[in-house]
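Take full-length UniProt numbering: the last position of the sequence shown gets the number 231, and nothing is skipped along the way. All C-beta atoms, glycine included, are put in the ideal place defined by N, C-alpha and C. The block underneath contains the structure these notes are about, expressed in structure tokens.
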Amino acid sequence: MQVAAAFILAAGGVIVTGDFYDLFPRGESRWCVVLGDVSGHGVDAAQVTALARYTIRADALNTLSPNRVLAQLNQALLTQRQPDERFLTTVCAILRPDADGFTGLITTAGHPSALLHRADGTVESLRTSGTLLGMFPDADLGQVRFSLHPGDALVLYSDGVTEAHAANDWDLFGEERLIALISKVVDAEADALVKSISEAVLAYSNGYMVDDMAILVLRVIRPGEASAGRK
């Protein structure tokens, strides 16, 4: 599997931000991938990010369902809730290899939906029900099943992508524009997809990002295909 990522700070942004992503093995044959966004910046946001990373890695070892992983994270956030009431949005998927690529389950919690980019350019939005984390004790967290075949890619991103503002007005980049963009990129490698998204958003906003932007792409390689960042 090819893996590529990009992280771009907001204009005038601080080094310590609330955006994060992670990819790690879950047991011998499965992988867990997550991308999240903690409200705010600075040390407080970094503490929530550290808690989220630790909790996700620990709980992913004990369940095959991303909605259960995020339910445990929600409880951890509520238990250690700070007076400033920081919350977290995230998308989490657990994948396992099969005879024709990977099969996965994905859960979204108040976060932009992941996109499934097929090798032929077709794009599907993996929508699930899911409230943001760290605010409500009974978070509504659904999950959907998906498959990745050779040449397909899973695209995760923060709202810094879709909520980027146009250079001359407040028109947002939006999911529709993002889907239209990557649908024109046929059978692209992971790093090419990341580059096309980041360059398009930066051009749209004239390089002035009002929020941090994180992008993570996982792509199933074709037989015999070379791959940088292969897993």
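Residue i burial status per 10 Å Cβ neighbour count (16 or more: buried)
| i | result |
| --- | --- |
| G134 | buried |
| residue 233 | Absent from the model: residue 233. The displayed extent of the chain is 1 to 231, so no value can be given. |
| L70 | buried |
| G130 | buried |
| Y54 | exposed |
| N206 | exposed |
| D169 | exposed |
| L127 | Checking the displayed sequence, the identity of residue 127 turns out to be Arg instead of Leu. Per the 10 Å Cβ criterion, exposed. |
| G160 | buried |
| F136 | exposed |
| A60 | buried |
| S158 | buried |
Alpha carbon of residue i to alpha carbon of residue j, nearest angstrom
| i | j | result |
| --- | --- | --- |
| A167 | L95 | 38 Å |
| A46 | V91 | 18 Å |
| D22 | D171 | 30 Å |
| L105 | I179 | 21 Å |
| S147 | F102 | 6 Å |
| P25 | L202 | 32 Å |
| R230 | M1 | Because the pLDDT of R230 is 47, which lies under 50, any placement of that residue in the model is unreliable, and the number read from its coordinates should be weighed accordingly. If I take the Cα positions, the gap works out to 5 Å. |
| E175 | V220 | 23 Å |
| P112 | Y204 | 19 Å |
| P66 | H165 | 32 Å |
| L78 | A139 | 11 Å |
Close beta carbons around residue i, own chain, < 8 Å, minus the five adjacent residues each side
| i | result |
| --- | --- |
| V185 | H117, G121, A192, L193 and S196 |
| G123 | One detail in the question is off: residue 123 reads as Val in this sequence, not Gly. Closer than 8 Å at Cβ, skipping near neighbours: L115, L116, H117, I179, I182 and S183. |
Endpoints, the alpha helix (DSSP H) within which residue i is located
| i | result |
| --- | --- |
| I179 | G174 to S183 |
| L141 | Per DSSP, L141 belongs to no alpha helix (DSSP H) and is neither H nor E. |
| A190 | A190 to Y204 |
| V161 | D159 to T162 |
Other residues of its chain near residue i: CB distance less than 6 Å, five sequence neighbours each side excluded
| i | result |
| --- | --- |
| H149 | D100 and G101 |
| V217 | A4, A153, V155, A190, L193 and V194 |
Range of the contiguous beta strand (DSSP E) that encloses residue i
| i | result |
| --- | --- |
| V3 | Q2 to I8 |
| V123 | V123 to L126 |
| A167 | Neither: A167 is in no beta strand (DSSP E) and is coded neither H nor E. |
| I215 | M213 to R219 |
| A119 | Unbroken run through A119: none, as it is neither H nor E. |
Spatial neighbours of residue i in its chain, beta-carbon cut-off 7 Å, leaving aside the 5 residues before and after
| i | result |
| --- | --- |
| A76 | L51 and T55 |
| T63 | V69 |
| S29 | R96 and P97 |
| D187 | A119 and G151 |
| T162 | P112, L172, F173, G174, E175 and L178 |
**Message:** Runs of 4 residues minimum, wholly inside the segment 24-110: which ones carry the alpha helix (DSSP H) assignment?
**Reply:** Here the runs fully enclosed are 42-60 and 66-79.
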